[in-house]
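Just so you know, the sequences run in chain order A and B.
Using the numbering used here, the first residue of the first sequence is number 954, and each one after it goes up by one.
Using the numbering used here, the first residue of the second sequence is number 954, and each one after it goes up by one.
Some notes on the structure that comes next.
Protein chains: 2
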Amino acid sequence: VTYVDGTKCAVLPSDDRGLQYGDGLFETLALSGQTPQHWALHLARLQDGARRLGIACPASDLWRQDLAAASAGLSGRHVAKLILTRGSGGRGYTPPTDARPRRIVQISPWPTWPGVTPEHGVRVIECSVPLGRNRVLAGIKHLNRLEQVLASAEIAAAGADEGLMFDDRAQLVEGTRSNVFLVIDGALCTPRLDEAGVHGVMRTLVMKAADSLSVAVSEQAVSRATLAQASELFLCNSLIGLWPVREIDGPAPRRYADFALTRRLIGALRDEGSLA
Amino acid sequence: VTYVDGTKCAVLPSDDRGLQYGDGLFETLALSGQTPQHWALHLARLQDGARRLGIACPASDLWRQDLAAASAGLSGRHVAKLILTRGSGGRGYTPPTDARPRRIVQISPWPTWPGVTPEHGVRVIECSVPLGRNRVLAGIKHLNRLEQVLASAEIAAAGADEGLMFDDRAQLVEGTRSNVFLVIDGALCTPRLDEAGVHGVMRTLVMKAADSLSVAVSEQAVSRATLAQASELFLCNSLIGLWPVREIDGPAPRRYADFALTRRLIGALRDEGSLA
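What follows is the structure, encoded as structure tokens:
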């Protein structure tokens, strides 16, 4: 089910700048019945991205109305994807000053992850597709996702569950659709996202949960040498929750058997209602 | 006028991966009556990009049929934009193995460039928005254009005609919608495009024209220091042709009064029919 600007509709004008230039943002979130999970955090990220791109973000109420209409009658878990584009038109790349942003709400079935058994950890590869660095776009969930598309093709070809992406300096940034945490000496560490990557909502929740468990968390540059120090590794996003990593395939294959802190965090997030 | 997959139609499905991820390519070319200019070069770049992204490029005949239908009855100059997306669907970022690529052909009026008088040169700024580097995407004309959109907003705010874009190492790459050539000691030089930028069709034609005039051309890293050595500077693309630069606004403003080689190249390109 898709709503475009409040109307049930599965097409959009071909002059939309989301198509023409990737000029927009998106959010992917879990719906429980009609209730979007962690709405405030998703909306805050969308608003932050819109501010940085100079797009007027529609009010929360409009999104919530569309979500309610698109998910009417649903029960159980579904995925909601929100897309905000700058709208139609303009002379080439230049954003029109009178642009009318367009909002798209899509509801999909809850995904399955064939072969993934989170309790046993997932298998990831090191993607060869690099992430470009650009401080102007880092952190926000914009529509320029070709790097993730190409990396995901690598992952599918390798039959892996996810892939780690590195920048041109060989610094770990994130998974294609997840953030990454390392456990080193009992503390959590996760890549800085000031030059590439997306500030994930689940990443924020993990950091809060770690705080509540009195586990130290640092955001830092994560080289392959840092990665090699990790005793545990996990991925997270709003749909998968937390996936412990069992195995990294690649030039320097590694296996992990210790999921203890990951499981404590999953427990803490479940207790506070942040994870289903 | 817009054609989608051979049918006159101004909408496309909202699950198109061009919108969802910028998963596609485009070409912008000049139409003279019904005739696309430099068709072979535009098609070759599109095919190269499609190969690199793993998208099956529709045959030349299909594009030509769409172009003929969309431009039927037109005379004079128009702009044709071709968009090739990977099509609809797939599970998240992963490209579906059975994707049916979608082709979009849009015809627009020939643009005007208010205030631009190419014979007197144009005024450009140094954009503060950087270009990210990614060897996997460099050179091709893909749909991930947020950097150009944000830089174009800077240019519009400055009331300039175009803007120069630099990478994170302060190397000049290109304009937002043009390639850049410098004249140093009577020879041409233009930035290498192996980590960022688009291999422009007019760039190729300029390099051939320089050859025919026995003017040396090099592709190289262009720092601000290199830029400061240039006695002439010009921009080029398939629509504007060649624009000599009169003035660079920015931290180190520069003015250019010598357009001699630029004019010789324009003359040579006109003589061979490459420029209107």
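Cβ atoms here follow ideal geometry from the backbone N, Cα and C, with glycine treated the same way.
Go through its chain and collect everything with a Cβ distance to residue i's Cβ below 8 Å, but skip five positions before and after it.
{"i": "Ser1191(B)", "result": "Thr981, Leu982, Ala983, Gln990, His991, His995, Gly1153, Val1154 and Met1155"}
{"i": "Asp1202(B)", "result": "Arg1076, Val1077, Ile1078, Glu1079, Ala1111 and Ala1113"}
{"i": "Asp1147(A)", "result": "Arg1088, Ala1091 and Gly1092"}
{"i": "Thr1157(A)", "result": "Leu994"}
{"i": "Arg1098(A)", "result": "Gly975"}
{"i": "Arg1030(A)", "result": "Ala983, Leu984, Ser985, Trp1063 and Ala1229"}
{"i": "Lys1257(B)", "result": "Residue 1257(B) falls outside the range modelled here, since chain B spans only 954 to 1229, and no answer is possible."}
{"i": "Pro1204(A)", "result": "Glu1079"}
What is the DSSP secondary structure of residue i, counted as helix, strand or coil?
{"i": "His1031(B)", "result": "strand"}
{"i": "Glu1016(A)", "result": "Correcting the residue type first, residue 1016(A) is Trp in the shown sequence and not Glu. Residue state, collapsed to three classes: helix."}
{"i": "Thr1070(B)", "result": "coil"}
{"i": "Lys961(B)", "result": "strand"}
{"i": "Ser1165(B)", "result": "helix"}
{"i": "Gly977(B)", "result": "strand"}
{"i": "Ile1108(A)", "result": "helix"}
{"i": "Leu1096(A)", "result": "coil"}
{"i": "Leu1146(A)", "result": "coil"}
{"i": "Gly1026(B)", "result": "coil"}
{"i": "Val1170(B)", "result": "strand"}
{"i": "Ile1193(A)", "result": "coil"}
{"i": "Val1136(A)", "result": "strand"}
{"i": "Val1126(B)", "result": "strand"}
{"i": "Ile1057(A)", "result": "strand"}
{"i": "Arg1088(A)", "result": "coil"}
{"i": "Arg970(B)", "result": "helix"}
{"i": "Ala983(A)", "result": "strand"}
{"i": "Ser1220(B)", "result": "Rather than Ser, the amino acid found at residue 1220(B) in this sequence is Gly. Gly1220(B): helix per DSSP, three-state reduction."}
{"i": "Val1082(B)", "result": "coil"}
{"i": "Thr988(B)", "result": "strand"}
{"i": "Leu1188(B)", "result": "strand"}
{"i": "Gly1116(B)", "result": "strand"}
{"i": "Thr1179(A)", "result": "helix"}
Suppose the cutoff is 6 Å on Cβ atoms and the five residues either side in sequence are ignored; what does the same chain contact list for residue i look like?
{"i": "Gly1040(B)", "result": "Ala1052, Arg1053, Pro1054 and Arg1055"}
{"i": "Glu1200(A)", "result": "Arg1076 and Arg1208"}
{"i": "Ala963(B)", "result": "Thr955"}
{"i": "Gly971(B)", "result": "Gly977, Thr1038 and Leu1096"}
{"i": "Asp1211(A)", "result": "Ser1184 and Glu1185"}
{"i": "Val1069(B)", "result": "Val1075 and Asp1114"}
{"i": "Ser1227(A)", "result": "Leu1158"}
{"i": "Leu1103(B)", "result": "Val1082"}
Would residue i pass as a contact of residue j if the rule is Cβ separation under 9 Å?
{"i": "Leu1186(B)", "j": "Val1198(B)", "result": "yes"}
{"i": "Leu1166(A)", "j": "Arg1223(A)", "result": "no"}
{"i": "Glu1107(A)", "j": "Asn1087(B)", "result": "no"}
{"i": "Val1151(B)", "j": "Ile1093(B)", "result": "yes"}
{"i": "Tyr974(B)", "j": "Gly975(A)", "result": "yes"}
{"i": "Gly1043(A)", "j": "Gly1085(B)", "result": "no"}
{"i": "Ser1028(A)", "j": "Ala1229(A)", "result": "no"}
{"i": "Pro1083(B)", "j": "Asp1120(B)", "result": "yes"}
{"i": "Val1032(B)", "j": "Pro1062(B)", "result": "yes"}
{"i": "Ser967(A)", "j": "Leu1035(B)", "result": "no"}
{"i": "Ala1109(A)", "j": "Pro1048(B)", "result": "yes"}
{"i": "Leu1125(B)", "j": "Ser1176(B)", "result": "yes"}
Only counting the same chain, and skipping five residues up and downstream in sequence, which positions put a Cβ closer than 7 Å to that of residue i?
{"i": "Thr1215(A)", "result": "Glu1185, Phe1187, Leu1195 and Pro1197"}
{"i": "Asp958(B)", "result": "Arg1055 and Arg1056"}
Express the C-alpha separation of residue j and residue i in angstroms, rounding to a whole number.
{"i": "Glu1225(A)", "j": "Ser1171(A)", "result": "22 Å"}
{"i": "Ala1162(B)", "j": "Glu1127(B)", "result": "19 Å"}
{"i": "Tyr1046(B)", "j": "Ser1105(A)", "result": "6 Å"}
{"i": "Arg1145(B)", "j": "Ala1174(B)", "result": "6 Å"}
{"i": "Asp1164(B)", "j": "Arg1130(B)", "result": "24 Å"}
{"i": "Ala1123(B)", "j": "Ser1081(B)", "result": "10 Å"}
{"i": "Ala1221(B)", "j": "Gly1139(B)", "result": "16 Å"}
{"i": "Thr988(B)", "j": "Ser1013(B)", "result": "14 Å"}
{"i": "Ile1193(B)", "j": "Ala1149(B)", "result": "21 Å"}
{"i": "Ile1206(A)", "j": "Thr1143(A)", "result": "Sequence inspection shows Pro at residue 1206(A); the Ile mentioned does not correspond to that position. Rounded to whole angstroms, Pro1206(A) to Thr1143(A) spans 20 Å at the Cα level."}
{"i": "Ile1219(A)", "j": "Arg998(A)", "result": "23 Å"}
{"i": "Phe979(B)", "j": "Asp969(A)", "result": "14 Å"}
{"i": "Cys1189(A)", "j": "Cys1189(B)", "result": "45 Å"}
Does the beta carbon of residue i come closer than 9 Å to any beta carbon on chain C?
{"i": "Gly971(A)", "result": "Among the protein chains in the structure shown, which are A and B, there is no chain C."}
- Query: Should the stretch 1018-1037 of chain A be called in touch with the stretch 1057-1075 of chain A, which here means at least 3 C-beta pairs below 8 Å?
  - Reply: yes
With contact counted as at least three CB pairs below 8 Å, one residue from each stretch, are the stretch 997-1011 of chain B and the stretch 1002-1013 of chain A in contact? no
For this session: Tell me, please, whether the stretch 1172-1185 of chain A touches the stretch 1129-1146 of chain A by the rule of three or more beta-carbon pairs shorter than 8 Å.
Result: yes
Would you say the stretch 1067-1074 of chain B touches the stretch 1013-1022 of chain A, given that touching needs at least three Cβ pairs under 8 Å?
no
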